[in-house]
Amino acid sequence: KAGVTQTPRYLIKTRGQQVTLSCSPISGHRSVSWYQQTPGQGLQFLFEYFSETQRNKGNFPGRFSGRQFSNSRSEMNVSTLELGDSALYLCASSSTGSAETQYFGPGTRLLVL
Amino acid sequence: QKEVEQNSGPLSVPEGAIASLNCTYSDRVSQSFFWYRQYSGKSPELIMSIYSNGDKEDGRFTAQLNKASQYVSLLIRDSQPSDSATYLCAVRNDYKLSFGAGTTVTVRA
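The listed protein sequences derive, respectively, from chains R and X.
Each residue of the first sequence is one higher than the one before, starting from 17 at the first, in the working numbering.
Each residue of the second sequence is one higher than the one before, starting from 191 at the first, in the working numbering.
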């Protein structure tokens, strides 16, 4: 099976802009989660979607949003970018249940100037 | 208190030795535990999942879980230079993974 794919892989934006990142889960996986990884804060949970419904959300400002489509593909959006949003954004997919193993995509590295 | 804490690194071991990584978690009702390996500049890669108390072995890796002590560990036997990476302990609750800060392991040839 093909793994989790994320696009784009690298992105450079300026403060105040917005960005949309895309994630395609492993075929058959219906749960998609997003994480932010920075050197200072480590890996932090953003949100999780299953069958187009957000089941959990991390402690991030409302500038961070996401959605999931009927084919399980997911997008996350960050509006009004700040320098501190520079990070590796990781998408992970799993089958269904809350205990399921999550498999990570290669990530999108975002640099905000 | 952080949800997941790992022993501080970095950890340097000679080739062929055993590397021991430890992790504690705060949520007593946690049921799913994972170890991921992350090479520099790459995304986390699953090494092991464990759900029940006791040991689980997979090749050179052994995970140990003690729910009463809220403790998870990972042993890497016969460490190889290719094992040099950051190892992340993760606990799954409420559809999310909570990660420790990671322990960086360097295997000296």
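A virtual CB, placed ideally from N, CA and C, is assigned to each residue, including glycine.
Of the residues the options, the one placed nearest residue i, counting alpha carbons only
| i | options | result |
| --- | --- | --- |
| V128 (chain R) | R:F120, R:F85, R:S38, R:S95 | R:S95 |
| G167 (chain X) | X:N283, X:A207, X:E205, X:L211 | Shown here, chain X extends from 191 to 299; a query on residue 167 (chain X) therefore has no answer. |
| E195 (chain X) | X:G206, X:Y215, X:P204 | X:Y215 |
| G78 (chain R) | R:Y65, R:R71, R:E64, R:N93 | R:N93 |
| K232 (chain X) | R:T36, R:A103, R:Q33 | R:A103 |
| S40 (chain R) | R:F120, R:L27, R:R125 | R:F120 |
| A291 (chain X) | X:S220, X:W225, X:N283, X:R218 | X:W225 |
| R31 (chain R) | R:G100, R:T54, R:S43 | R:G100 |
| A18 (chain R) | R:S38, R:Y26, R:L37, R:I42 | R:I42 |
| K286 (chain X) | X:S202, X:A207, X:D217 | X:D217 |
| T36 (chain R) | R:Q70, R:R83, R:T69 | R:R83 |
| G74 (chain R) | R:V20, R:Y51, R:S38 | R:Y51 |
| N243 (chain X) | X:N283, X:E235, X:Q221 | X:Q221 |
| L264 (chain X) | X:D245, X:S202, X:P204 | X:D245 |
| S230 (chain X) | X:V281, X:D273, X:R298 | X:D273 |
| P204 (chain X) | X:Q270, X:V281, X:L278 | X:Q270 |
DSSP beta-bridge partners of residue i
| i | result |
| --- | --- |
| I28 (chain R) | R:L127 |
| Q60 (chain R) | R:Q52 |
| Q191 (chain X) | In the DSSP output, where bridge partners are listed per residue, Q191 (chain X) has none listed. |
| K246 (chain X) | X:A253 |
| Q70 (chain R) | R:Y65 |
| C82 (chain R) | As written in the sequence, residue 82 (chain R) is Gly, which differs from the Cys given in the question. DSSP lists R:M92 as partners of G82 (chain R). |
| Y105 (chain R) | R:Q52, R:T124 |
Residues near residue i by beta carbon distance below 7 Å, same chain, minus five either side
| i | result |
| --- | --- |
| R250 (chain X) | I266, R267, D268 |
| G123 (chain R) | Q22, L104, Y105, L106 |
Local conformation of residue i per DSSP, three classes
| i | result |
| --- | --- |
| L97 (chain R) | coil |
| S230 (chain X) | coil |
| S216 (chain X) | coil |
| P200 (chain X) | coil |
Own chain residues within Cβ distance below 8 Å of residue i, not counting five before or after
| i | result |
| --- | --- |
| N197 (chain X) | L211, N212, C213, T293 |
| S111 (chain R) | G44, H45, R46, S47 |
Same chain, Cβ closer than 6 Å to residue i, five either side skipped, listed in chain order
| i | result |
| --- | --- |
| V219 (chain X) | none |
| Q260 (chain X) | T214, Y215 |
| T276 (chain X) | Q228, G292, T294 |
| I28 (chain R) | L127 |
Residues of the segment 273-297 of chain X in Cβ contact with chain R at a cutoff of 9 Å, in chain order, please.
L278, A280, R282, N283, D284, Y285, K286, L287, S288, F289, G290, A291, G292
Going along the segment 69-83 of chain R in order, which residues come within less than 8 Å of chain X, judged by CB to CB distance?
R71, N72, G74
Got a sec: which bits of the segment 31-49 of chain R sit with their beta carbon under 9 Å from any beta carbon on chain X, in order along the chain?
S47, S49
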